[in-house]
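> Protein chains in written order, with numbering that gives the first Met the number 0: chain A, 0 to 592; chain B, 0 to 385.
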Amino acid sequence: MVSLSINGMLVKVPKGTTVLDAAKKQNFRIPTLCHHDDLCVAGNCRVCVVEQLGGKALLAACATPVSEGMQILTNSLKVRSARKHVIELLLSEHNADCTKCYKNGMCELQNLSNEFCVGDHLFLELIDLKNYTIDRFSPSIQKDDSKCIRCQRCVRTCEELQGVNALTVAHKGENQKISTFEDLSMAEVICTNCGQCINRCPTGALVERTYLDEVWDAILDPKKHVVVQTAPAVRVGLGEELGFEPGSRVTGKMVSALKRLGFDSVLDTDFSADLTIMEEGTELLTRLKKALVDKDPTVALPMTTSCSPGWIKFIEHSFPEYLPNVSTCKSPQQMFGALAKTYYSQVRKLEPKDVVSVSIMPCTAKKYEANRPEMRSSGYKDVDYVLTTRELARMIKQAGIDFNKLKEDKYDSLMGVSTGAGVIFGATGGVMEAALRTAYEIITGREVPFENLNITAVRGMEGVRVASVQIEECKEEWSFLNGVELKCAVAHGLVNARKLMNAVKSGELEVHFIEVMACPGGCLGGGGQPIPTNEKIRKKRTEAIYAEDMSMKIRKSHENPEIIRIYKEFLGEPLGHKSHELLHTHYTKRVRY
Amino acid sequence: MEHKHVKRVDLIFEKVECREILEKIVKMEPDAICQEVLESDLKGRGGAGFPTGMKWRFAANETGSIKYIVCNADEGEPGTFKDREILDQVPGKVFCGMAIASRAVGAKKGYVYLRGEYKFLIPRLNEELIKFHQMMDEFNHNFRIQIRLGSGAYICGEESALFESIEGRRGEPRNKPPYPTSIGLFGKPTAINNVETLVHAVVIIKYGASHFKELGTKDSRGSKVFSVSGDTPKSGIFELELGMSVNEFVEEFGDGDTKAVQVGGASGFCVPRKRFEETIIGFEGVPTGGSMKLFNSTRSMYNVLHNYLDFFTEESCGQCTPCRVGCQQLLKGVEAVKRGDKNSKYLDELVKLAKTMKRASKCGLGQSVGNAFGSIVENFKEEIIY
Ligand SMILES: Cc1cc2nc3c(=O)[nH]c(=O)nc-3n(C[C@H](O)[C@H](O)[C@H](O)COP(=O)(O)O)c2cc1C
Ligand code: SF4
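1. Between Ile314 of chain A and Pro77 of chain B, what straight-line distance do the alpha-carbon atoms span, to the nearest angstrom?
2. Please list the residues of the segment 113 to 146 of chain B that have a C-beta atom closer than 8 Å to any C-beta atom in chain A, keeping them in chain order.
3. Between the Cα of Arg323 of chain B and those of A:His316, A:His583, A:Arg149, A:Met549, spot the shortest distance and give me the residue it belongs to.
4. May I ask you to report which of helix, strand or coil DSSP gives His2 of chain B?
5. In chain order, which continuous runs of the alpha helix (DSSP H) of length 4 or greater are located wholly inside the segment 224 to 258 of chain B?
6. Any C-beta of chain A within less than 8 Å: which residues of the segment 324 to 335 of chain B qualify?
7. Around the Cβ of Ser244 of chain B, are there at least 16 other Cβ atoms within 10 angstroms (buried) or fewer (exposed)?
8. Within the 8 Å Cβ cut-off, does Pro176 of chain B reach chain A?
9. Where Asp36 of chain A and Asn533 of chain A are concerned, what is the direct C-alpha to C-alpha distance, given to the nearest angstrom?
10. Whose beta carbon lies closer than 6 Å to any heavy atom of ligand 2, going through the chain in order?
11. Does the beta carbon of Val202 of chain B sit closer than 8 Å to a beta carbon anywhere in chain A?
12. Do you know offhand how far Ile65 of chain B's Cα is from Arg168 of chain B's?
13. In terms of DSSP beta bridges, what is Asn295 of chain B paired with?
14. Quick check: the segment 88 to 104 of chain A against the segment 201 to 211 of chain B, are there 3 or more CB pairs under 8 Å?
15. Output the boundary residues of the beta strand (DSSP E) element that contains Tyr343 of chain A.
16. Return the residues of the segment 121 to 134 of chain A that lie within a Cβ-Cβ distance of less than 7 Å from chain B, sorted by chain order.
17. Go to Thr287 of chain B, then tell me how far its alpha helix (DSSP H) extends in each direction, as first and last residue.
18. Give me whichever residues DSSP pairs with Leu386 of chain A in a beta bridge.
19. Does any residue of chain A bring its CB to less than 8 Å from the CB of Lys337 of chain B?
20. Quick one: residues in its chain with C-beta nearer than 6 Å to the C-beta of Lys486 of chain A, no 5 flanking neighbours on either side, listed in chain order?
21. Buried or exposed: where does Leu108 of chain A fall if 16 or more other Cβ atoms within 10 Å of its Cβ makes it buried?
22. At least one CB of chain A closer than 8 Å to the CB of Ser315 of chain B: is that the case?
23. Residues of chain B with a CB under 7 Å from the CB of Ala62 of chain A: which are they?
24. Apart from the five residues on each side of it in sequence, which residues of its chain come closer than 8 Å, Cβ to Cβ, to Arg375 of chain A?
25. Are there any heavy atoms of ligand 1 lying less than 7 Å away from the beta-carbon of Thr196 of chain B, as far as the coordinates show?
26. For Ile99 of chain B, which option in B:Arg143, B:Gln88, B:Ile375 has the closest C-alpha, if you only look at C-alpha atoms?
27. Measuring only from the beta carbon, is Phe49 of chain B closer than 7 Å to any heavy atom that is part of ligand 1?
28. Determine the burial state of Asn378 of chain B: buried for a count of at least 16 other Cβ atoms within 10 Å of its Cβ, exposed for fewer.
29. Mind checking if Pro321 of chain B is an interface residue toward chain A, Cβ cutoff 8 Å exclusive?
30. Quick check on Leu293 of chain B: buried or exposed, where buried means 16 or more other Cβ atoms within 10 Å of its Cβ?
31. Check the C-beta distance from Glu195 of chain B over to Ile11 of chain B and give it rounded, since I have them as a contact under 8 Å.
32. Determine the burial state of Val376 of chain B: buried for a count of at least 16 other Cβ atoms within 10 Å of its Cβ, exposed for fewer.
33. Return the residues of the segment 79 to 99 of chain A that lie within a Cβ-Cβ distance of less than 7 Å from chain B, sorted by chain order.
34. Count the other C-beta atoms from every protein chain shown that fall within 10 angstroms of the C-beta of Lys392 of chain A, then say buried if there are 16 or more, exposed otherwise.
35. For Gln70 of chain A, would you say it is in contact with chain B, using Cβ-to-Cβ distances shorter than 8 Å as the test?
36. Give the DSSP bridge partners of Ser247 of chain A, in chain order.
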């Protein structure tokens, strides 16, 4: 333990603790901008400077480990003057047109500026807006350099958490900026649209492309029938934007709010998650059969999941040779969209052209996915607009809905019934767990041999997890799997996906089935989820997801009555002709530069 | 205060049989080498003036089998051109200095980080390196040197940015601590020294610490190679004993009309005529990495300052706020005062800002912008305003 004093108060902390954390322990918050719990220390914004008695220079609290006997002042004259200068300097190169900014009221620089009452405009205005254009080419991410404070949180996110390196620092001195390869737009580079950078941008430099107005217009158009689907992770995140603690489950309130917003039908992506399990599980078993029984050497194994559009774009750029391994299943969002304008419209006797399909996603990559040219198998754009969890919260605020006081409501029917298996799609390992619950039962006729159906081996926050299930006493038609140890691997965060794929490539890891979710923690940590994010918050959301699963009456996809019905009335069988037409897709090899 | 007159010295460029030095050091205990250098009071010649013996001992005391010696030959400080001459004249001595350091620290690998513009030196250095490596084999001393070229960024002379650059990343300074002697190049303990520092180590091993200490003052031992430029009839490279006053220097090198001397380049201090007498060139007064630039009465100190600020505005790596934005504010600020858009009081705000930059910047670059700014604004306020 190391003892030191913070503003004259003694504190003992473990060796290696930063001055920032030591001060926190004494209930002194030191302001920060470039610091983020999920990222390595940068120490570049210098907002967190503190004074060490006897020292000449000020220290960056986030980057300085404590030492014995240190005497730290966090609010001395020198500190206050330097801190104010730093904030003034940042504002002088910042497009501080706050009232017109998407992040108005949610901006860390704005908060600091308020706290320190800067506004004296001590220095000259350096920014010339003529030199900036907003990059709005990507359907997911909007980048506005005029708002950038060069904290490099996005760069570190893209490198450390995602291993993508789409964002990088370019040039030096006054010209230093956060840029892309050759300064191309975000739409033209290896960006996966995961939006993790947005989650960590302290200002309005990186935000989602918003489609709020389009959705409002559709809702308010009497000729349109607007259906909305909500992804599993939204229900455990939305509350944070509306005054609830992280980990609050607000499913019922959310459904109620959506109805009040005027959506004609409030449905659940969890339904199509269950459908994904049916299709993907069958696909896996088919591939296994081809490999083990037919000894077909062309079968691509391990098979990987395809629900995460960030992962899809990543593999298209970085491991195109593995595209045959990716399940051909569309993501639950896109399956839902294709069915909304076919099956749903048919049953509800609607003209597909009058149906507008909206999805609420924890994700920004879903916006890109919905815009892919492949995603029009209904003959229309399967999903018209994708809103993030954050955008939904904004809609609720715009409509003046008192969310807190809402009564819980239930999803509408036809594509609104779901299971616990669908819900856990929102957490890393969830697709794997849901698939195993169903596949094991299809093969053996028995439930998975885990207490309460909870396959804890695939859960958790470890970047890459490997687990296996021993298959025995199969049903007649699956007897070829007798004695097979079904091996699975799970990765979340693309940097871990890369590790996993490299291990597969080198032969170091041999598995049958791989689940990848592009974002840390899975969808619940997605790029469209409430800000801030950190591991603690993500763990809270994870607990909420599993609690939601436990609370469901049905917890296996194949037991979902609406799933049984849709196969009977519309699809026929998994991987059948209709499925192929509507629920499956293909991928595109992309270059890295 | 001991005053010295300008005295020329010939130790750095003296031709030395490196073989003799190597013979000597392979027989010496590593700690004895550290001790000898420590006793000489040799301070780094790259600008910061850290005691070299201490640096080596810190690195030597680190456990772990991989350590590095780095020779900082980036020589980016405006007005400094002495390392080029040293590398050109006595490259063997530089390598020899690195070998001494390697023995002292326990490093098997060394890098010379050469300023990109000095590419023309490479054939000559490679030729010398072959001989050097042969000698290493002869003495059974396991040490190899590799040359790496910079790409023209001033910041890559800063030690941790230099490591980043060698490692293949963007040259941005790291947080300190940890210091290079514990976590340096490729995360390993590293002793990094200026070209000239390493040659002084050769001198010390050859003649002994006590001989080295005969020159200079208590705080600034030995001699120093100066790069003299500006309004002088005698520009060039001179090895001089440390401890002279600016006045003595100007008497030797001035053109009779010197109004100011910029000691230590853009990151150094401007000494006005009225301070010549009292200012010692050395660690007790104004330290210098070698650059001595003389200005006579025909020079506009506004232009001089503008030039330095322009330099820093471009050469800041840009990662930390006080330096990246501060430099621009100082530059645009003096322009605004000159134009009359801001009144002279604004200069006081800028001086305060320069103080913040000194205290709050991440690395030596941002921390030293205030040196030139403060000293020029303080002493030549009229020239800045009118
Ligand atoms: C911006 C900046 C540029 C520097 N450039 C050089 C350089 O070109 N050459 C050099 O030897 N030291 C340079 N230094 C100092 C080095 O960081 C380091 O202190 C020095 O190489 C240590 O060697 P020494 O102890 O032998 O002086 C620079 C420092 C800063 C902050
Ligand atoms: S002080 Fe300047 S050069 Fe040094 S880290 Fe900060 S921005 Fe970069």
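No residue lacks a Cβ here, since even glycine has one placed at the ideal position from N, Cα and C.
Considering the structure as presented:
1. Locating residue 314 of chain A in the first sequence gives position 315, counting from the first residue. Locating residue 77 of chain B in the second sequence gives position 78, counting from the first residue. Distance between the alpha carbons of Ile314 of chain A and Pro77 of chain B is about 48 Å.
2. none
3. If you number the second sequence from 1, residue 323 of chain B lands on position 324. Looking at the Cα atoms, A:Arg149 is the closest of the given residues.
4. For this step, residue 2 of chain B is matched to residue 3 along the second sequence. Note that His2 of chain B scores 48 on pLDDT, short of 50, meaning its location in the model is unreliable; the coordinates nonetheless yield the value given after this. The answer is coil: DSSP assigns His2 of chain B none of H, G, I, E or B.
5. 245 to 252
6. Val324, Gly325, Cys326, Gln327, Gln328, Lys331, Gly332, Ala335
7. One-based indexing of the second sequence puts residue 244 of chain B at position 245. Buried is the call here.
8. Taking the second sequence and counting its residues from 1, the one referred to as residue 176 of chain B is at position 177. Closer than 8 Å: yes.
9. The residue you call residue 36 of chain A lines up with position 37 of the first sequence. The residue you call residue 533 of chain A lines up with position 534 of the first sequence. Approximately 6 Å between the Cα atoms of the pair.
10. B:Ile154, B:Pro172, B:Ser315, B:Cys316, B:Gly317, B:Gln318, B:Cys319, B:Cys322, B:Arg323, B:Ser360, B:Lys361, B:Cys362, B:Leu364, B:Gly365
11. Position 203 of the second sequence, counted from the first residue, corresponds to residue 202 of chain B. Not an interface residue.
12. Walking along the second sequence from the start, residue 65 of chain B turns up at place 66. Walking along the second sequence from the start, residue 168 of chain B turns up at place 169. Whole-angstrom Cα-Cα distance: 21 Å.
13. For the purposes of this step, residue 295 of chain B is identified with residue 296 of the second sequence, where counting begins at 1. DSSP, once it has assigned bridges, lists B:Thr257 as partnering Asn295 of chain B.
14. no
15. Residue mapping note: residue 343 of chain A aligns to position 344 of the first sequence, counting from 1. Where Tyr343 of chain A is concerned, there is no enclosing beta strand (DSSP E), given that its DSSP letter is neither H nor E.
16. Leu121, Phe122, Leu123, Leu125
17. Locating residue 287 of chain B in the second sequence gives position 288, where the first residue counts as 1. Note, Thr287 of chain B: premise wrong, no alpha helix (DSSP H); not H, not E.
18. Reading the first sequence from its first residue, position 387 is the one you call residue 386 of chain A. For Leu386 of chain A, which the question treats as bridged, DSSP gives the partners A:Ile359.
19. In the second sequence, counting from the first residue as 1, residue 337 of chain B sits at position 338. False, the Cβ-Cβ gap to chain A never drops below 8 Å.
20. The count along the first sequence starts at 1 and reaches residue 486 of chain A at position 487. So the qualifying residues of the chain are Ser467, Val510, His511.
21. To locate residue 108 of chain A, count along the first sequence from 1; it is residue 109. Looking at its Cβ environment, which holds 16 or more other Cβ atoms inside 10 Å, Leu108 of chain A is buried.
22. Indexing the second sequence from 1 puts residue 315 of chain B at position 316. Cβ-Cβ to chain A under 8 Å: yes for Ser315 of chain B.
23. As a working note, residue 62 of chain A is residue 63 in the first sequence. In chain order: Asn174.
24. As a first step, residue 375 of chain A must be located in the first sequence, where it is residue number 376. For Arg375 of chain A, where only same-chain residues beyond five positions count, the Cβ hits under 8 Å are Asp381.
25. Within the second sequence, numbered from 1, the residue matching residue 196 of chain B stands at position 197. Yes; taking the cut-off as 7 Å, the Cβ of Thr196 of chain B has a heavy atom of ligand 1 nearer than that.
26. Mapped onto the second sequence, residue 99 of chain B falls at position 100. Here the closest residue by C-alpha is B:Arg143.
27. Locating residue 49 of chain B in the second sequence gives position 50, counting from the first residue. The answer is yes for Phe49 of chain B.
28. Reading the second sequence from its first residue, position 379 is the one you call residue 378 of chain B. Looking at its Cβ environment, which holds 16 or more other Cβ atoms inside 10 Å, Asn378 of chain B is buried.
29. Taking the first residue of the second sequence as position 1, residue 321 of chain B is located at position 322. Closer than 8 Å: yes.
30. Counted from its first residue, the second sequence places residue 293 of chain B at position 294. Flag for Leu293 of chain B reads buried.
31. For the purposes of this step, residue 195 of chain B is identified with residue 196 of the second sequence, where counting begins at 1. For the purposes of this step, residue 11 of chain B is identified with residue 12 of the second sequence, where counting begins at 1. Rounded, the Cβ-Cβ distance is 7 Å, consistent with contact.
32. For the purposes of this step, residue 376 of chain B is identified with residue 377 of the second sequence, where counting begins at 1. Classification of Val376 of chain B: buried, given that the 10 Å Cβ count is 16 or more.
33. Ser80, Ala81, His84, Val85, Leu88, Leu89, Ser91, Glu92
34. The count along the first sequence starts at 1 and reaches residue 392 of chain A at position 393. The displayed chain sequence assigns Ala, not Lys, to residue 392 of chain A. Buried, since its Cβ has 16 or more Cβ neighbours within 10 Å.
35. As a first step, residue 70 of chain A must be located in the first sequence, where it is residue number 71. With 8 Å as the cut-off, Gln70 of chain A does not count as an interface residue toward chain B.
36. Here residue 247 of chain A is taken as the residue at index 248 of the first sequence, counted from 1. Paired residue(s): none; Ser247 of chain A is not in a bridge.
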